[in-house]
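**Student:** Pasting in a structure now, in structure tokens, and then I'll have a few things to ask.
The structure is reproduced here in structure tokens:
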């Protein structure tokens, strides 16, 4: 999630460095006998460059989510215990509650807000603010990338139900309309302090959803200004901090909110998020002591930093996967191919899966990553467990000889590479003299500029060049990169996913047809009407048996069924079925399971991070 500043913006980078320099040194803290201060009240950190948005309903990045977690108070939050463990605790809600089971299989949660909750402009926070915010984030008008996270709430499916109008657009695709344009989620505010929400069924990860930024409240009169989240003057929040400064592409300043209900336990008065995409710039400022925490380091410095900064250089576990994604609508068959329809699509699946096995994942993890990353054999990350305690990824795939969908052992690479080449020979011309393909269409690999991403891109390019496949590299500034990938304006692109909560479905529900995070374009564009997929859920007790259905007919239905299933054993089996469908397409090429690499000053106390990627600074102190 690091971004690129063009050379012409060098001056802006210099200003950014200057504006954040030395800020962590200001203090008022406790004084020693000789009058010197011992604790700083201001911390300067660098997570990434300019966030795409600071609207919690629209944010999709970890850096933006981290800032929102300091600015907003949802019903539930993550907290660190005295022994260093993370737990979910009540935030704006007085307490965590158990659901009431209803006769129709739904469950209802009833929350009471704490007394005295205030927005940063002094107005009272009410239950109606949550009701409005959730319906806004889930609704078709905003079409937020994370709208699907509200599918567990009754009423969501009705909001998104469509029907064919019988008309077609300029591309010949059917024009759909929403059946229930006025539909709402089953969430209500009987009074200013009470929130009642009805879920389709008992959801094991419900409290984790409530802690996610998409579930944060916003106020209707504030967000009626579409530019509200771009300026401190119009930015209204209800959390531990307020947004008091935003020098775009340079610095975001958060100031402790004295009206926050837990303000007495917020130890850091000011947090300065110094915006940078340059890992070398980050490291330079960290070494000088100007920035107390950085979320990226130059890849070529990792081994040195491990030795020279043993107390500051950190490698932590993360629930995430670094992967390459293919645009499912991209033409990759040779120009003289006679394959059509289902035969063509099946061939593309086989081709993509073959190309995906030309990459040495161990080399990428060990030589480029260098921070304990593990070669990935599945999309769902390490660390997510089955009901029996085993790891979900260990049960992925159907090969008894190895774990997952690819054999990623070092000993297997030569044989899998050779097998992949033989598969590709079925579709492309191969020159025996040069040992290269001669008619594979040129690919373009899209990535956001970052030293690590670039190194991986260059390796992938080299690996494909070894068999005659040309892949050009294109880098873009972060915001542009995200927009390009979401629009499907690419052939192959770098990607990564951190779990939004501790459940495998967090890696699987993003690929439904209407998801804003569905960068592969499943069920979109030319793929929308392609009838290629089968789904049989009768072994699990559901009257669903689809042959040659669309992605919406099959995968979307599967995810919806998983989310309403109360039988944990069946639910996990169906989640494996969902991952099978994803991996069979070859559009998702996992490279390694993430680790979290960052540096933090040894003088900073009270900092903690989440395996979901978020960093927390509100309880920090800096010893001088």
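In the numbering used here, the protein residues as written are 1 to 624.
Glycine included, every Cβ here is placed at the ideal spot set by N, Cα and C.
Tell me whether residue 481 sits in a helix, a strand or coil according to DSSP, three-state version.
**Tutor:** The residue given as residue 481 occupies position 481 in the chain shown. Here residue 481 sits in helix by DSSP.
**Student:** Taking the straight line between their C-alpha atoms, what separation do you get for residue 244 and residue 181?
**Tutor:** For the purposes of this step, residue 244 is taken as the residue at position 244 of the chain shown. For the purposes of this step, residue 181 is taken as the residue at position 181 of the chain shown. Taking the straight line from one Cα to the other gives about 38 Å.
**Student:** Kindly give me the distance between the Cβ atoms of residue 596 and residue 264, rounded to whole angstroms, as I take these residues to be in contact under 8 Å.
**Tutor:** The count along the chain shown starts at 1 and reaches residue 596 at position 596. The count along the chain shown starts at 1 and reaches residue 264 at position 264. That pair is no contact at about 30 Å.
**Student:** Under the assumption that residue 214 contacts residue 146 (Cβ atoms under 8 Å), give the Cβ distance between them as a whole number of angstroms.
**Tutor:** Reading the chain shown from its first residue, position 214 is the one you call residue 214. Reading the chain shown from its first residue, position 146 is the one you call residue 146. Sure, about 4 Å apart at Cβ, within 8 Å.
**Student:** Given residue 81, which residues of its chain have a CB within under 8 Å of its CB, disregarding the five upstream and five downstream residues?
**Tutor:** As a working note, residue 81 is residue 81 in the chain shown. Counting only Cβ-Cβ distances below 8 Å, and skipping sequence neighbours, we find 87.
**Student:** Quick one: Cα of residue 153 to Cα of residue 273, how far?
**Tutor:** Along the chain shown, one-based indexing puts residue 153 at 153. Along the chain shown, one-based indexing puts residue 273 at 273. Residue 153 and residue 273: Cα-Cα distance of roughly 35 Å.
**Student:** Look up residue 476 in the DSSP assignment and give the residues it is bridged to.
**Tutor:** Translated into positions along the chain shown, residue 476 becomes position 476. Bridge partners of residue 476 according to DSSP: 448.
**Student:** Answer yes if the stretch 579-597 comes into contact with the stretch 358-371, meaning at least three C-beta pairs across the two stretches below 8 Å, and no otherwise.
**Tutor:** yes
**Student:** Please work out which residues of its chain come closer than 8 Å, Cβ to Cβ, to residue 609, disregarding the five sequence neighbours upstream and downstream, and give them in chain order.
**Tutor:** As a first step, residue 609 is located in the chain shown; it is residue number 609 there, counting from the start. 316, 596, 598, 615, 616, listed in sequence order.
**Student:** Would you decide whether residue 44 is buried or exposed? Buried here means 16 or more other CB atoms lie within 10 Å of its CB.
**Tutor:** In the chain shown, the residue the question calls residue 44 occupies position 44. It counts as buried.
**Student:** Can you give the Cα-Cα distance for residue 380 and residue 39, rounded to whole angstroms?
**Tutor:** Here residue 380 refers to the residue found at position 380 when the chain shown is read from its first residue. Here residue 39 refers to the residue found at position 39 when the chain shown is read from its first residue. Rounded to whole angstroms, residue 380 to residue 39 spans 42 Å at the Cα level.
**Student:** Quick check: does the Cβ of residue 523 come within less than 6 Å of any heavy atom belonging to the ligand ZN?
**Tutor:** Although the ligand ZN was asked about, the structure shown includes no ligands whatsoever.
**Student:** Taking 7 Å as the cut-off, decide whether the C-beta atoms of residue 612 and residue 499 are in contact.
**Tutor:** In the chain shown, residue 612 corresponds to position 612, counting from 1. In the chain shown, residue 499 corresponds to position 499, counting from 1. It is a contact, given that the beta carbons lie within the stated cut-off.
**Student:** For residue 239 versus residue 73, is the C-beta spacing smaller than 7 Å?
**Tutor:** Position 239 of the chain shown, counting from 1, holds the residue named residue 239. Position 73 of the chain shown, counting from 1, holds the residue named residue 73. Between residue 239 and residue 73, the C-beta spacing is below 7 Å.
**Student:** If you check the beta carbons only, do residue 209 and residue 70 fall under 7 Å apart?
**Tutor:** Against the chain shown, residue 209 aligns to sequence position 209. Against the chain shown, residue 70 aligns to sequence position 70. No. Outside cutoff.
**Student:** Apart from the five residues on each side of it in sequence, which residues of its chain come closer than 6 Å, Cβ to Cβ, to residue 187?
**Tutor:** Numbered from its first residue, the chain shown carries residue 187 at position 187. Hits under 6 Å: 131, 134, 197.
**Student:** Using DSSP's beta-bridge definition, name the partner residues of residue 318.
**Tutor:** If you number the chain shown from 1, residue 318 lands on position 318. Answer by DSSP bridge pairing: none, since residue 318 is not bridged.
**Student:** Measure the beta-carbon distance from residue 495 to residue 475 and round it to whole angstroms, keeping in mind my assumption that it falls under 8 Å.
**Tutor:** Mapped onto the chain shown, residue 495 falls at position 495. Mapped onto the chain shown, residue 475 falls at position 475. No, residue 495 and residue 475 are not in contact; Cβ-Cβ is about 14 Å, not under 8 Å.
**Student:** Give every residue of the same chain whose Cβ lies closer than 7 Å to the Cβ of residue 428, excluding the five residues on either side of it in the sequence, and list them in chain order.
**Tutor:** Counting from one through the chain shown, the residue named residue 428 turns up at place 428. Once the five neighbours on either side are set aside, the close Cβ partners of residue 428 are 334, 437, 439, 440.
**Student:** Quick one, are the C-beta atoms of residue 527 and residue 328 less than 7 Å apart?
**Tutor:** In the chain shown, counting from the first residue as 1, residue 527 sits at position 527. In the chain shown, counting from the first residue as 1, residue 328 sits at position 328. Closer than 7 Å, so yes.
**Student:** Give the DSSP-derived three-state secondary structure of residue 159 in the structure shown.
**Tutor:** The residue labelled residue 159 in the question sits at position 159 within the chain shown. If DSSP states are grouped into helix, strand and coil, residue 159 belongs with the helices.
**Student:** Just confirm the distance between the C-beta atoms of residue 513 and residue 524, as a whole number of angstroms; I'd bet it's less than 8 Å.
**Tutor:** Taking the chain shown and counting its residues from 1, the one referred to as residue 513 is at position 513. Taking the chain shown and counting its residues from 1, the one referred to as residue 524 is at position 524. For a cut-off of 8 Å, the C-beta gap from residue 513 to residue 524 is around 7 Å, short enough to register as a contact.
**Student:** Return the Cβ separation of residue 357 and residue 406 in integer angstroms, given the expectation that the two are a contact with Cβ distance under 8 Å.
**Tutor:** Working through the chain shown from its first residue, we reach residue 357 at position 357. Working through the chain shown from its first residue, we reach residue 406 at position 406. That pair is a contact at about 6 Å.
**Student:** Please work out which residues of its chain come closer than 7 Å, Cβ to Cβ, to residue 299, disregarding the five sequence neighbours upstream and downstream, and give them in chain order.
**Tutor:** By one-based count along the chain shown, residue 299 stands at place 299. The residues are 368, 370, 451, 452, 455.
**Student:** Checking the sheet assignment: what are the DSSP bridge partners for residue 225?
**Tutor:** Here residue 225 refers to the residue found at position 225 of the chain shown. Looking at the DSSP output, residue 225 shares a beta bridge with no other residue.
**Student:** DSSP state of residue 102, grouped into three classes?
**Tutor:** Here the question's residue 102 lines up with position 102 in the chain shown. It is coil, neither helix nor strand.
**Student:** How about residue 99 and residue 89: are their beta carbons less than 7 Å apart?
**Tutor:** Locating residue 99 in the chain shown gives position 99, counting from the first residue. Locating residue 89 in the chain shown gives position 89, counting from the first residue. In this structure, residue 89 does not lie closer than 7 Å to residue 99 by Cβ.
**Student:** With which residues is residue 535 paired in a DSSP beta bridge?
**Tutor:** Locating residue 535 in the chain shown gives position 535, where the first residue counts as 1. BP columns for residue 535 point to 546.
**Student:** Are there 16 or more other CB atoms within 10 angstroms of the CB of residue 285, so buried, or fewer, so exposed?
**Tutor:** Reading the chain shown from its first residue, position 285 is the one you call residue 285. Of the other Cβ atoms in all chains shown, 16 or more fall within 10 Å of the Cβ of residue 285; this residue is therefore buried.
**Student:** Alpha carbon to alpha carbon, how far is residue 226 from residue 403?
**Tutor:** Position 226 of the chain shown, counting from 1, holds the residue named residue 226. Position 403 of the chain shown, counting from 1, holds the residue named residue 403. Their Cα atoms are separated by approximately 48 Å.
**Student:** Flag this pair as yes or no: are the beta carbons of residue 508 and residue 552 separated by less than 7 Å?
**Tutor:** On the chain shown, residue 508 is found 508 positions in, with the first residue counted as 1. On the chain shown, residue 552 is found 552 positions in, with the first residue counted as 1. In this structure, residue 552 does not lie closer than 7 Å to residue 508 by Cβ.
**Student:** With a CB to CB cut of under 7 Å and the five nearest residues on each side skipped, what residues in its chain are close to residue 372?
**Tutor:** Within the chain shown, the letter at position 372 stands for residue 372. Taken in chain order, the residues that qualify are 315, 595.
**Student:** I need the straight-line Cα distance from residue 304 to residue 124, nearest angstrom please.
**Tutor:** Within the chain shown, numbered from 1, the residue matching residue 304 stands at position 304. Within the chain shown, numbered from 1, the residue matching residue 124 stands at position 124. If you take the alpha carbons of residue 304 and residue 124, they lie about 52 Å apart.
**Student:** Can you tell me whether residue 213 is helix, strand or coil according to DSSP?
**Tutor:** Here residue 213 corresponds to residue number 213 of the chain shown, with the count starting at 1. Helix at residue 213.
**Student:** Which residues in the same chain have their Cβ closer than 7 Å to the Cβ of residue 283, if we skip the five residues on either side of it in sequence?
**Tutor:** Residue mapping note: residue 283 aligns to position 283 of the chain shown, counting from 1. If we look at residue 283 and ignore the five residues flanking it on each side, its Cβ neighbours are 294, 297, 298, 301.
**Student:** To test your reading of the DSSP string, which unbroken alpha helix (DSSP H) runs of 4 or more residues are found completely within the stretch 252-323?
**Tutor:** With a minimum length of 4 residues, the continuous alpha helix (DSSP H) runs that stay inside the stretch 252-323 are 279-288, 302-308.
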